[in-house]
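In what follows, a single structure is set out as structure tokens and then discussed.
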Amino acid sequence: MFRRWEKDPMSVDPTWRKAFEKIESAPKPKKPGTTPTLHPPTKKLEGEEFRDEVLKLRMKELIDHYRKEGHKNADINPFNEPVKKDYSDFSKQELKAFFPTLGILKMKEAPLEEILDQLERLYSGKLGFQFSGIVSEEEEKWLAKEIEEGFFLTETPIEEKQMILEELSKADLFETFMHTKYTGQKRFSIEGAESLIPMLEQVILSGASAGVNSFVIGMAHRGRLNVLSNILDKSYQEIFSEFDEGYVPEAFQGTGDVKYHKGYTSKREIGDKKTVEIMLPPNPSHLESIDSVVEGIVKGKQVKIEEDPKDSAMAILVHGDAAIAGQGIVYETLQMQSLPGYQTGGTIHFVVNNQIGFTTSPDEGRSTVYCTDIAKSFGNPVIHVNASDPEVCVKAAKLAVKYRMRFKKDIFIDMYCWRKYGHNEGDEPAFTHPKLYRHIKSMKPVRETYRDLLISEGSVEKEIAEEMEKTFKRALSEAKEGLKLGDPKKEKRRKTHGPYTPPDVETAVDKKTLEKIGLKMVDIPEGFNLHPKVLHLAEERVEMATGKKPLNWGMAEILAYGSLVLEGHEVRVSGQDVERGTFSHRHALYVDQESSQKYVPLAHLEKGQAKFSIYNSILSEYAVLGFEYGYSLTTPNGLTIWEAQFGDFANGAQVIFDQYLAPAEAKWGQKSNLTVFLPHGYEGQGPEHSSGRIERYLILAGERNLRVCVPSLPAQQFHLLRRQALDPEQKPLIAFTPKALLRLPAASSPLSDFTEGRFHEILDDPDRPENPKKVVFCTGKIFYELQAEREKLKDDRVALIRIEQLYPLYKEELKKIFKPYEKVETVLWVQEEPENMGALHYIVPRLEKLLERKVKAIARPVSATTASGIYAFHKIESKDIMEEVFKEKPDSYDIAGQMRA
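For the sequence shown, the working numbering assigns the number 533 to the initial residue and increments by one for each residue that follows.
Here is the structure:
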């Protein structure tokens, strides 16, 4: 063939042509006296030696071609006929000719046809692999070795075959029973994708034997009940009871949730001695929203383990094909996989690829060939498998665990399957996909085809298979017959809440401890080159901690965090630019100006202290807030904080606020003490840098589910953060934090306010007038504007009361503080937000009811945007508010519905 190519290059196959061209283009030895070459002199290859090199190169290219392209012809889709082998590019002589196998077969040389057959089995069988070129060279070689040593071609042991049949039987018979007994009820069946169950089981078994002690599974509704039953061992009775109209949960009082959103945690015995925890956190119908929450839970579990933390807990995410391609949270979560504050040592991703999303076809739902093509962006390998071959599926799961444990990176298993019914059991899929569902109706369950295969090959006796089915059916029937249903009494449905009282926790800290923390701000490693301005800030903090200067907001935070870790409470802060702080007020992390080395003083206060960590996050709100929410679930006695760069940007994470943070306790009994910092304040910076949208969180507030606070003093922030960590009653905290106040001298606190007292939900006027005519209730930064205006006008008629905790409202304290002002002529609510935003619609009716008198409101005019983007307008609006407050009889918004009376 080489001689043929020499005479006419176009007469041979293009790939051979390329191989010969490479050989011929190899560097030739230089003549004596010529300029030296960068390449070492090479010997001219002739005869058999030349032939051997050509064949090796040719074979390497052939193998590389299968590694890269073999998945395109793989038999991975149960709807399609296998692609027929086509070796027509080779002559019969070539197919019979011997070639070096390069490890593809055990013998050193073999006929080309045998090598091709082996490559077809390895790379174009019931599996397809995508790893060539998208992972590191080391990983690529490792995966190729695992595949080419015949891992997927070895015969599955009989015991494992029987285990697979058992798992398939449990999965299929569970669904069949449910379909018969609970006809028409939504359950989001796994039928068509039953192979997921033995795959998940294999991940648990392989992971446990590799040292994993805790597994956290995130998945949507498809197949969830089956996973709860067959992977987490949730009892049939528990599941069946949730289908009854009279069902009432015994575990907690709340509004509850539908059965296919619920979570569960179990302990399972694996082998003789190993016990593992398996957790399936609850999640809403918002697809993929659970992804980053799961990663946060896993990270929270890992950091509490000192030895091999990444091997101690494993994340498993189960996606749908439409969701993984369509939901942006998938990309955001994957982006965190290698980052120091967020990496969890690799996640195993399963895609239940039933090739339809509700009624949407793949060609309508994505622009990529595979739904898993997002994995390419991160260098994560993908294994495509055919769900109709459960043995191959289980082998893919084994390889995924081996890869994850070795390289601590994510890996995807894309399982091509089908969906027996519509999106739910009451939906008619044939309306939109008639051909597809005619095909699906003709398909036998995987359990049946696999059972028949095992019987025919003698791996399982028919009688044993039949007895296995009878046993499962009997267990299902007995569970249904033994149901005891609750009584949905009204008083069981909801918790009753008495009047709010402050948490009984000690938040003041002794002066010696505060001084110790302050001194550590300048105790930096020898030779560490601190920026001069940061050094000055650190020295100022020493003065603050020793009582020589009033304390600002940055120092209040530092003292809160430091005192907590010294008391044994973990503190974690995360978000965009949090290490320095968006407004350069925090500086919790120092950077050496010469080496860029980083140093966190709060992590080095003393030996044995609790962990303090602070991480700049990716530029994402949704995934990062979800991650921190998950982390907080594992740290009930610590302080976990997510800070938005500006409060305005938090709505990028609205799904987490709406579906997790606010309702989780009522829906699922899930408690979190996550703290959210939302920088808020009107300073003329326009509609994207002014408002954290207080109104939205007050709408979400109910049944004591949140704490919504607007601290106006550093000492208030200090006590609030310590209270949040120390209070055993876990509730998420939404704290609207300042911007302009960070450096306002009036907004500082003496050291005595830290060594004494507590967080005050209501703050009386520090300069209370003797005979006030008006009382102004307000919250946040506007207090200082009102105070400055009052001082400028020398107006002694107006008293200013700050509501620092909007929800829950401390009514008794408010009444107590207002009592000396009962005879005033006018009571006002004043805010810097527009009339249709801020706390106005929440607080005014409550004040009127509580004080039993009319409360007028003053605010910016009704607006479609949160704030004006024109600074001149901002100043006019601020001036109008001040004039309205301090004139004799203010005109104002009437909460009953009259604008500008």
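All C-beta atoms in this analysis are idealised placements derived from N, C-alpha and C, irrespective of residue type, glycine included.
To which residues of the same chain is residue i closer than 6 Å at the C-beta, ignoring the five residues directly before and after it?
i     : result
G1216 : Y1403 and H1406
E820  : A855, Q859, I861 and V862
I729  : E699, A703 and N762
E1364 : Y1214 and I1314
A1428 : In this prediction, A1428 has a pLDDT of 43, which is less than 50 and means its spatial position is unreliable; what the coordinates show is noted afterwards. Cβ neighbours of A1428 beyond the five flanking positions: none.
K811  : It is worth fixing the name first, because residue 811 is Met in this sequence and not Lys. V748 and T797, listed in sequence order.
R1392 : P1366 and E1409
H1029 : R1236
I666  : K908 and G911
Assuming residue i and residue j make a contact with CB atoms under 8 Å, what is their CB distance in whole Å?
i     : j     : result
Y1339 : R1239 : 7 Å
F1291 : R1236 : Not a contact, Cβ separation roughly 17 Å.
Y948  : I722  : Between I722 and Y948 the Cβ distance is about 15 Å, and since that is not below 8 Å, they are no contact.
K718  : Y779  : Going by Cβ atoms, the distance from K718 to Y779 rounds to 14 Å, so no, they are not a contact pair.
K833  : T1166 : 6 Å
Which two residues bound the contiguous alpha helix (DSSP H) that contains residue i?
i     : result
H1477 : This structure cannot speak to residue 1477, because the chain is shown only from 533 to 1433.
N762  : R756 to N762
Q769  : Y768 to S773
P730  : L728 to S741
V926  : P922 to F939
F1405 : Y1403 to F1418
V1156 : Y1154 to L1165
L1051 : K1043 to K1052
H1251 : P1246 to L1258
Q1319 : I1314 to L1325
Pull the bridge partners of residue i from the DSSP assignment, please.
i     : result
R1104 : S1145 and T1172
Y1122 : Y1131
M751  : V850
L659  : V917
I1294 : I1335
V1240 : I1266 and Y1339
T892  : G889
L1069 : Answer is none; L1069 lacks a bridge partner.
C903  : Per DSSP, none; premise fails for C903.
K1306 : V1330 and T1358
L1083 : S1281
S746  : E809 and A845
Counting along the chain, where does the beta strand (DSSP E) carrying residue i start and finish?
i     : result
D946  : I943 to Y948
A1267 : L1265 to T1269
H881  : T879 to N885
F611  : Unbroken run through F611: none, as it is neither H nor E.
F630  : F630 to P632
R1392 : K1388 to R1392
A642  : E641 to P643
Considering only residues of the same chain and omitting the five flanking positions on each side of residue i, which have a CB-CB separation below 8 Å?
i     : result
P572  : For P572, the predicted structure reports a pLDDT of 36, less than 50, and the residue's modelled location is therefore unreliable. A value from the coordinates is still provided. Once the five neighbours on either side are set aside, P572 has no close Cβ partner at all.
D840  : G743
L627  : Y619, P643, L644, E645 and L648
E1302 : D1328
E960  : G954
L1151 : Q1108
T1177 : Residue identity differs from the one stated: residue 1177 is Gln in this sequence, not Thr. Here the set comprises G1107, Q1108, D1109, T1114 and P1211.
T964  : T891
S1095 : V1041, T1045, L1046, I1049 and R1254
C1310 : L1318, L1332, I1333, R1334, I1335, W1361, V1362 and Q1363
Among the residues of its own chain, which have a CB less than 7 Å from the CB of residue i, if the five just before and after it don't count?
i     : result
L737  : I802
K1421 : none
H971  : F611
S1149 : S1106, G1107, Q1108 and V1156
E1160 : G828, S1106, T1172, W1174 and L1206
P816  : H793 and Q1191
How about residue i: is its C-beta nearer than 8 Å to some C-beta of chain C?
i    : result
Q769 : The chain inventory of the structure shown lacks chain C, comprising one protein chain alone.
Segments assigned alpha helix (DSSP H), at least 4 residues, entirely inside the region 1188-1228:
1196-1200
3-residue-minimum beta strand (DSSP E) runs that sit fully inside the region 1355-1385, ordered along the chain
1358-1366
Secondary structure, alpha helix (DSSP H): runs of 4+ residues fully inside the region 679-730
690-713
Which runs of the beta strand (DSSP E) fall wholly inside the region 790-862 and span at least 3 residues, in chain order?
796-802, 806-812 and 845-852
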